[in-house]
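Novice: Residue numbers (my numbering): 5 to 280.
Sending over a structure as structure tokens; questions will come in a sec.
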Ligand SMILES: NC(=O)c1ccc[n+]([C@@H]2O[C@H](COP(=O)([O-])OP(=O)(O)OC[C@H]3O[C@@H](n4cnc5c(N)ncnc54)[C@H](OP(=O)(O)O)[C@@H]3O)[C@@H](O)[C@H]2O)c1
């Protein structure tokens, strides 16, 4: 039921909340000095670019990986290049016990978690009539269960700390029926995490922010495959896939104090792919 103008005009205890105590200078806002950031799927692709961005901005970074142990040397390189702390942790995000242990290990080593980037994903792109139920379950276990488990477990830490920031890597495939390869389950997993993230933004409003990044095609292992590459060029308004260096600034913005008024947002970064 809507309120009368008189009822709506009454002041309520606790409002307005105070503005954040952050620097006025935007470059200072973007600094991640002394912040601790966890990135999943960080050995390569978008996740590695995000980990680099965080380290370049002065943050301490935990690189989570599943099978690609190049994360171990990447973490050493980041620490050396940027004078920050960085370590790699092997965590399968479809396994909640491994996530719990991974989070405990990060807190033990770094003392806290300021930002968690739930970026790991899997693309088993097939029409549903050609996909086995085992493939369906595998797809769900990483893209949906993985994000839910990570969010639930890191959310408990955020609540206990009284602060936190969750960034979920979704996809433009949460917005569109991506063509020409039929991939209904992948698309739907991304729609799930986008809406889940928005819901968490409200649920966690007293202690953490939650935002979603929805990339279009980026030139990674998971970017457009041979069947879809030419269509990816044609559909993208900019006529190409994105380079991972072009997504670093968006994650940095969301992780930093430059975005303190932003929660529950879903940011498309797709070279104009979904415009037509
Ligand atoms: N590239 C694109 O065009 C595009 C577009 C939209 C959205 N995305 C999303 O962006 C994210 C990153 O993808 P990417 O393009 O950077 O591709 P990528 O290089 O293949 O990265 C996927 C990452 O997910 C990790 N991963 C897969 N299964 C995992 C599991 N069970 N536990 C933990 N980690 C697991 C992989 O880790 P290991 O290698 O260590 O196994 C890998 O680092 C994904 O969520 C993807 O859906 C990508």
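The C-beta atom is built at its ideal place from N, Cα and C for all residues, glycine as well.
In chain order, what residues of the same chain lie with their CB nearer than 6 Å to the CB of residue 263, ignoring the 5 residues before and after it?
Specialist: 257
Novice: Assign residue 188 to one of three DSSP states: helix, strand, or coil.
Specialist: helix
Novice: If I follow the unbroken alpha helix (DSSP H) through residue 9, where does it start and stop?
Specialist: 9-12
Novice: In three-state terms, what does DSSP make of residue 132?
Specialist: The answer is helix: DSSP assigns residue 132 an H, G or I state.
Novice: Count the other CB atoms within 10 Å of the CB of residue 174; is the residue buried (16 or more) or exposed (fewer)?
Specialist: buried
Novice: With H, G and I counted as helix, E and B as strand and the rest as coil, what does DSSP make of residue 173?
Specialist: strand
Novice: To the nearest angstrom, report how far apart residue 95 and residue 265 are at their CA atoms.
Specialist: The alpha-carbon separation between residue 95 and residue 265 amounts to approximately 31 Å.
Novice: Pop quiz: residue 291 and residue 54 are said to be a contact at Cβ under 8 Å. What is the actual Cβ separation, rounded to whole angstroms?
Specialist: The question about residue 291 has no answer here: the residues shown for the chain are numbered 5 through 280.
Novice: Per DSSP, residue 219 forms a beta bridge with which residues?
Specialist: 273
Novice: Using only CA atoms, which one of 232, 100, 273, 192 lies nearest to residue 132?
Specialist: Proximity to residue 132 across 232, 100, 273, 192 peaks at 192, based on C-alpha coordinates.
Novice: Quick one: give me the first and last residue of the alpha helix (DSSP H) that residue 94 is part of.
Specialist: No alpha helix (DSSP H) holds residue 94; the beta strand (DSSP E) holding it covers 90-94.
Novice: Rounded to whole angstroms, what is the Cα-Cα separation between residue 116 and residue 165?
Specialist: 8 Å
Novice: Is DSSP giving residue 161 helix, strand or coil here?
Specialist: helix
Novice: Within the same chain, show all residues whose beta-carbon is closer than 7 Å to that of residue 232, passing over the 5 residues directly before and after it, in chain order.
Specialist: 184, 185.
Novice: So is the beta-carbon of residue 219 under 6 Å away from any non-hydrogen atom of ligand 1?
Specialist: yes
Novice: Count the CB pairs spanning the region 103-116 and the region 126-146 that are closer than 8 Å, and state whether there are at least three.
Specialist: no
Novice: Consider the C-beta atom of residue 198 and the heavy atoms of ligand 1; say whether any pair is separated by less than 6 Å.
Specialist: Result no, Cβ not under 6 Å from ligand 1.
Novice: Does DSSP classify residue 36 as helix, strand or coil?
Specialist: coil
Novice: Within 10 angstroms of its Cβ, does residue 203 collect 16 or more other Cβ (buried), or is it exposed?
Specialist: exposed
Novice: So, does the region 69-84 touch the region 31-48, judging by three or more C-beta pairs under 8 Å?
Specialist: yes
Novice: Output the residue ranges of the beta strand (DSSP E) runs that lie fully inside the region 55-130 and measure 3 residues or longer, sorted by chain position.
Specialist: Restricted to the region 55-130, the beta strand (DSSP E) segments that are unbroken, complete and at least 3 residues in length are 64-69, 90-94, 119-122, listed in chain order.
Novice: Please report the Cβ distance between residue 171 and residue 259, rounded to the nearest whole angstrom; I am assuming they are in contact, meaning their Cβ atoms lie under 8 Å.
Specialist: 7 Å
Novice: With H, G and I counted as helix, E and B as strand and the rest as coil, what does DSSP make of residue 51?
Specialist: helix
Novice: For residue 41, which residues does DSSP report across the bridge?
Specialist: 65, 119
Novice: Please report how far the alpha carbon of residue 251 lies from the alpha carbon of residue 81, in whole angstroms.
Specialist: 20 Å
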